[in-house]
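A.B. asks: Residue numbers (UniProt numbering): 1 to 243.
Where a beta carbon is used, it is the ideal one built from N, C-alpha and C, also for glycine.
#1: For the beta strand (DSSP E) containing residue 201, name the first residue and the last one.
#2: May I have the straight-line CA-CA distance separating residue 225 from residue 146, to the nearest angstrom?
#3: Going by DSSP in three states, residue 93 sits in which element: helix, strand or coil?
#4: Based on Cα-Cα distance, which residue from 149, 133 and 123 lies nearest to residue 112?
#5: Which runs of the beta strand (DSSP E) spanning at least 3 residues fall entirely within the UniProt domain "HTH gntR-type" (7 to 75), listed in chain order?
#6: Return helix, strand or coil for residue 99, following the three-state DSSP convention.
#7: Could you tell me the boundaries of the alpha helix (DSSP H) in which residue 118 lies?
#8: Hey, is the stretch 114 to 128 in contact with the stretch 161 to 169, meaning 3+ C-beta pairs nearer than 8 angstroms?
#9: Considering only C-alpha positions, which residue in the set 49, 191 and 31 is nearest to residue 12?
#10: Suppose you measure from the CA of residue 205 to the CA of residue 197; what does that come to, to the nearest Å?
#11: Is residue 178 helix, strand or coil when you go by DSSP?
#12: My assumption, with CB atoms under 8 angstroms, is that residue 43 sits in contact with residue 212. Please give the rounded CB distance.
#13: Go through its chain and collect everything with a Cβ distance to residue 181's Cβ below 7 angstroms, but skip five positions before and after it.
#14: CB residue 207 to CB residue 195, shorter than 8 angstroms?
#15: Excluding the 5 residues preceding and the 5 following residue 245 in the sequence, name in chain order all residues of the same chain whose CB lies nearer than 7 angstroms to its CB.
#16: Out of 141, 177, 152 and 169, which one is the CA nearest neighbour of residue 231?
#17: Just the Cα atoms here: how many angstroms apart are residue 70 and residue 187?
#18: Measuring CB to CB, does residue 32 end up less than 8 angstroms from residue 62?
#19: How many Å lie between residue 82 and residue 110 at the Cα?
#20: Excluding the five sequence neighbours on either side, which residues of its own chain have a C-beta within less than 6 angstroms of the C-beta of residue 176, listed in chain order?
#21: Does the Cβ of residue 223 have 16 or more other Cβ atoms within 10 Å, making it buried, or fewer, making it exposed?
#22: Kindly indicate which three-state DSSP category residue 207 falls into: helix, strand or coil?
Here's what the structure looks like:
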């Protein structure tokens, strides 16, 4: 069975700018076109262009000089241990800085997988924060954070207001511990009835589900972040050195 995959708009812009840098059309040290120029050329909204440029900056393709603009660096070398991973991005993402709708901030019974990741007994109570993420008006992700109730109670994590800082900062403050590492699990499955409605997909659609378990230096898990992604709107890519 064949199907046609169309990457999100920001991913298309990233790919095109990377191509232009690789081909020498945009030489190292040259000034990158402005946000407004890119918006006009590609017919994209400013948030889409800003997201693409942010990814290129984080990956080392371009550099920003305050008051001067963005400049080309060239194809980046792969830095050992410094690549931003999916789980890290989920922990550091600020709810107020993405186009999202908070769906839940409530105490609930932990699903078996979540209870296992957090080292809790079956059917233990957890605090769930869940949001629907959109890009260009299209739902692209359901993001959920699961924490032990005793960690989240009485903090901003339990309130129905968007978090102004990344989840990591709130969890570390509430737990009185520093998050040291993340263990990621990636699975694929069909959507639930609720996910079909939120993401606008059919029951036969394939979903990518990323679980990021954030632990302290002793290995104790403090929070699980779950990202549910429609398989036809995303692809996961990673790069790392061969030793």
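C.D. replies: This is what the structure gives:
#1: Run containing residue 201: none; DSSP gives neither H nor E here.
#2: Near 6 angstroms, if we compare the C-alpha coordinates of residue 146 and residue 225.
#3: In the three-state DSSP reduction, residue 93 falls in the coil class, being neither helix nor strand.
#4: The residue with the shortest Cα to Cα distance from residue 112 is 123.
#5: Those beta strand (DSSP E) runs which fall completely within the UniProt domain "HTH gntR-type" (7 to 75) and span 3+ residues are 62 to 65 and 69 to 72.
#6: Reduced to three states, the DSSP call for residue 99 is coil.
#7: Per DSSP, residue 118 belongs to the alpha helix (DSSP H) from 112 to 118.
#8: Taking a cut-off of 8 angstroms on C-beta distances, the stretch 114 to 128 does not touch the stretch 161 to 169, as fewer than three cross pairs fall below it.
#9: Comparing Cα-Cα distances from residue 12 to each of 49, 191 and 31, the minimum goes to 49.
#10: Spanning the alpha carbons of residue 205 and residue 197 requires a straight line of approximately 12 angstroms.
#11: Three-state DSSP puts residue 178 in coil, outside helix and strand.
#12: Not confirmed; about 34 angstroms, so no contact.
#13: 215.
#14: At a Cβ-Cβ threshold of 8 angstroms, residue 207 and residue 195 count as neighbours.
#15: Residue numbering for the chain in the displayed model covers 1 to 243; residue 245 lies beyond these limits and cannot be assessed.
#16: In terms of Cα proximity to residue 231, the closest of 141, 177, 152 and 169 is 141.
#17: The alpha-carbon separation between residue 70 and residue 187 amounts to approximately 37 angstroms.
#18: Contact flag set, yes.
#19: Note that residue 82 scores 39 on pLDDT, short of 50, meaning its location in the model is unreliable; the coordinates nonetheless yield the value given after this. As the crow flies, the alpha-carbon of residue 82 is around 33 angstroms from that of residue 110.
#20: Closer than 6 angstroms at Cβ, skipping near neighbours: no residue.
#21: Burial of residue 223 is indicated by the presence of at least 16 other C-beta atoms within 10 angstroms of its C-beta.
#22: Residue state, collapsed to three classes: strand.
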